[in-house]
Amino acid sequence: MATTKKTGGRKTVRNDEGRIRRKNMNMDQDKLDRLVEILGAASETEAIERLMDEALLRHELVEGVRRVAGKGGVENYFPDGSFDGWAA
Numbered sequence: 342m343a344t345t346k347k348t349g350g351r352k353t354v355r356n357d358e359g360r361i362r363r364k365n366m367n368m369d370q371d372k373l374d375r376l377v378e379i380l381g382a383a384s385e386t387e388a389i390e391r392l393m394d395e396a397l398l399r400h401e402l403v404e405g406v407r408r409v410a411g412k413g414g415v416e417n418y419f420p421d422g423s424f425d426g427w428a429a
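Numbering (the working numbering), first residue to last: 342 to 429.
Written as structure tokens, this is what we have:
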């Protein structure tokens, strides 16, 4: 269930997943349209939410692999450093 709270003139909505705040952003409409189509999202907002979830999951996975690799016994298949670009 969502609850609404006034904070500094802005309305913040909380749902089961966290804080939801309206954003006004400039972005490439063609890229956004393509993203919605590729993901099969019902809306632009859903597409952006799913993309953020995927980026955050990727970051968590890369960090987990780094922690495991830091304990030793893991062969580096990316000696050229290309693996580092994934966590950007």
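Ideal Cβ positions, reconstructed from N, Cα and C, are used throughout, including at glycine.
All of these numbers come straight from a predicted model, not from anything done at the bench.
Do the CB positions of residue i and residue j come within less than 8 Å of each other?
| i | j | result |
| --- | --- | --- |
| Ala388 | Leu398 | no |
| Val415 | Val409 | yes |
If I follow the unbroken alpha helix (DSSP H) through residue i, where does it start and stop?
| i | result |
| --- | --- |
| Gly411 | Per DSSP, Gly411 belongs to no alpha helix (DSSP H) and is neither H nor E. |
| Arg375 | 370–380 |
Assuming residue i and residue j are in contact, meaning their beta carbons sit under 8 Å apart, how far apart are those beta carbons, in whole angstroms?
| i | j | result |
| --- | --- | --- |
| Leu293 | Arg391 | Any property of residue 293 remains undetermined from this structure, which presents the chain solely from 342 to 429. |
Where do the N-terminal and C-terminal ends of the beta strand (DSSP E) with residue i fall, by residue?
| i | result |
| --- | --- |
| Arg360 | 359–361 |
Is any beta-carbon of chain B found at less than 8 Å from that of residue i?
| i | result |
| --- | --- |
| Leu397 | In the structure shown, chain B does not exist; there is a single protein chain. |
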